[in-house]
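In the working numbering, the protein residues as written are 19 to 185. Structure record follows, encoded as C-alpha cells.
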Amino acid sequence: MRRRKPREMEADLDMTTFINLMVVLLAFLLVTSAFTELSQLQVNLPSGGAGAGGAEARKPLVLEVSIYKDQMIVSDRQSGPLKILPATEKGQDYTGLKEFLSGVKASYPAITEITILLEPTTDYDTLIQTMDTVRYKPKLVNGTWIKGELFPDIGIGDAPEHPGGKA
Numbered sequence: 019m020r021r022r023k024p025r026e027m028e029a030d031l032d033m034t035t036f037i038n039l040m041v042v043l044l045a046f047l048l049v050t051s052a053f054t055e056l057s058q059l060q061v062n063l064p065s066g067g068a069g070a071g072g073a074e075a076r077k078p079l080v081l082e083v084s085i086y087k088d089q090m091i092v093s094d095r096q097s098g099p100l101k102i103l104p105a106t107e108k109g110q111d112y113t114g115l116k117e118f119l120s121g122v123k124a125s126y127p128a129i130t131e132i133t134i135l136l137e138p139t140t141d142y143d144t145l146i147q148t149m150d151t152v153r154y155k156p157k158l159v160n161g162t163w164i165k166g167e168l169f170p171d172i173g174i175g176d177a178p179e180h181p182g183g184k185a
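Put into C-alpha cells, the structure is as follows:
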C-alpha cells in the first residue's frame with residue numbers, strides 16, 4: 019500500500035476587483051463630501067443681572083423673547099413687555115415677531131443682542147425657528163435676496179412663569 023502525499027495548493031488572491039471597488043467608493047465619497055456643510059451657532063447664557071454693582075453703563079435696550087405655548091412676549095429687561103404676540107392656529111407668530119423686531123432694529127441699529135427665554139416644555143423646532151427669526155431678515159439688494167442682520171448675538175435661558183398663571 020502506497021500512500022499518496024497530499025498536494026499543496028497555492029492560493030493567489032486576486033485583489034483587482036477589490037481595488038477597483040475602493041477606487042469607485044473613494045471617488046464617490048470625495049464628490050459627496052464637497053456638498054456637506056456644517057454650521058455652528060454661538061449661543062450665550064444670559065448674564066446674572068446684578069453684575070459689578072452698576073459699573074457697566076446702562077444699555078438703551080436689553081431685548082428678551084419669552085416663548086410660551088399660547089404666546090410670545092417681546093420685552094425689555096429694564097422696562098418690561100414691549101409686545102405680546104398671541105399664537106395662531108398654525109403655531110407661533112414668527113411673521114409678527116420678525117416685523118416687530120425689524121422696527122426695533124430700525125430704532126436701535128447698534129444693538130445686536132437678544133435673549134430667548136423658554137418654558138421647560140418648549141420643543142426644539144420652536145427654539146430653532148425663533149432663533150432663525152431673530153437672527154436675520156431677508157433684504158432685497160440689487161435684485162438679489164440677502165440675509166440682513168437683526169439680532170445675531172443670541173442668549174438662551176428659562177422663561178419666567180407664564181404671566182396669566184399656568185398655561
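We put the beta carbon where it would ideally sit given N, CA and C, even for glycine.
Per DSSP, reduced to three states, the secondary structure at Val41 is helical. Annotation for Thr148: Val83, Ile85, Met90, Gln110, Tyr112, Leu115, Ile134 place their beta carbon closer than 8 Å to its own, counting only its chain and skipping 5 residues before and after. With a contact defined as Cβ atoms closer than 8 Å, Phe169 and Glu117 miss out at about 14 Å.
DSSP places Asp143 within a helical segment (H, G or I) once states are collapsed to three. DSSP places Leu79 in the coil class of the three-state scheme, outside both helix and strand. If you look at Glu167, you'll find it in the beta strand (DSSP E) that goes 162-167. Boundaries cannot be given for Ser97, as no beta strand (DSSP E) includes it and DSSP labels it neither H nor E.
Rounded to the nearest angstrom, the Cβ distance from Gly175 to Val61 is 10 Å, too far for a contact under 8 Å. Within the model, the alpha-carbon separation for Ser125 versus His180 is close to 28 Å. If you draw a 10 Å sphere on the C-beta of Val159, you find fewer than 16 other C-beta atoms in it, and that means exposed. For Glu117, the uninterrupted alpha helix (DSSP H) segment begins and ends at 112-125.
Taking every protein chain shown into account, the CB of Lys108 has fewer than 16 other CB atoms within 10 angstroms, so this residue is exposed.
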